[in-house]
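Let me begin by presenting the structure, written as structure tokens, before commenting on it.
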Amino acid sequence: MLQNDNEQISPIPSASWREVVSRLIKSEMSKRKIKYDDLSRLLEELGTKQTAANLRNKINRGIMGADLLIQLVLVLNLQHLTPDMIREILETVDE
1 MLQNDNEQIS PIPSASWREV VSRLIKSEMS KRKIKYDDLS RLLEELGTKQ
51 TAANLRNKIN RGIMGADLLI QLVLVLNLQH LTPDMIREIL ETVDE
């Protein structure tokens, strides 16, 4: 799959990338005990209106705009996201 440093990178299907996004956000929500209603309120403080149901749908599918993804990173206070973290999630996607 995805290799470190200068090694060859194999193609990764879009569905796998969406699953990485979904798992990453859900993991951060779980760590902070944040529910979809809480997330909706936090985003509204930034001026973004997303219902809890809409957020649940987008996060479960792992499909959202870059602007919403960055806002989620901000409101979830995600401090570190490394290539190794992404690789680790990718390795478990097909299991």
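Using full-length UniProt numbering, the first residue of the sequence shown is number 1, and each one after it goes up by one. Glycine included, C-beta positions come from ideal geometry on N, C-alpha and C.
In angstroms with no decimal places, state the Cα-to-Cα distance between residue i and residue j.
i, j, result
"A52", "S10", "36 Å"
"A15", "V21", "10 Å"
"V75", "I89", "21 Å"
"Q50", "E91", "31 Å"
"L72", "P13", "23 Å"
"I70", "K35", "18 Å"
"V93", "E19", "7 Å"
"L81", "L46", "22 Å"
"L39", "M29", "8 Å"
Can you tell me which of the three DSSP states residue i falls into?
i, result
"L86", "Residue 86 is actually Ile in this sequence, not Leu. The answer is helix: DSSP assigns I86 an H, G or I state."
"L10", "The residue asked about is misnamed: residue 10 is Ser in this sequence, not Leu. Three-state DSSP puts S10 in coil, outside helix and strand."
So, at 7 Å on beta carbons, what are the nonlocal neighbours of residue i in its own chain, with the 5 sequence-adjacent residues on each side left out?
i, result
"I59", "S22, I25 and K26"
"L42", "V75"
Please work out which residues of its chain come closer than 8 Å, Cβ to Cβ, to residue i, disregarding the five sequence neighbours upstream and downstream, and give them in chain order.
i, result
"W17", "G62"
| At what residue ranges does the UniProt domain "DUF6471" (17 to 79) contain a whole run of the alpha helix (DSSP H), taking only runs of 4 or more? | 36 to 45, 52 to 61 and 66 to 75
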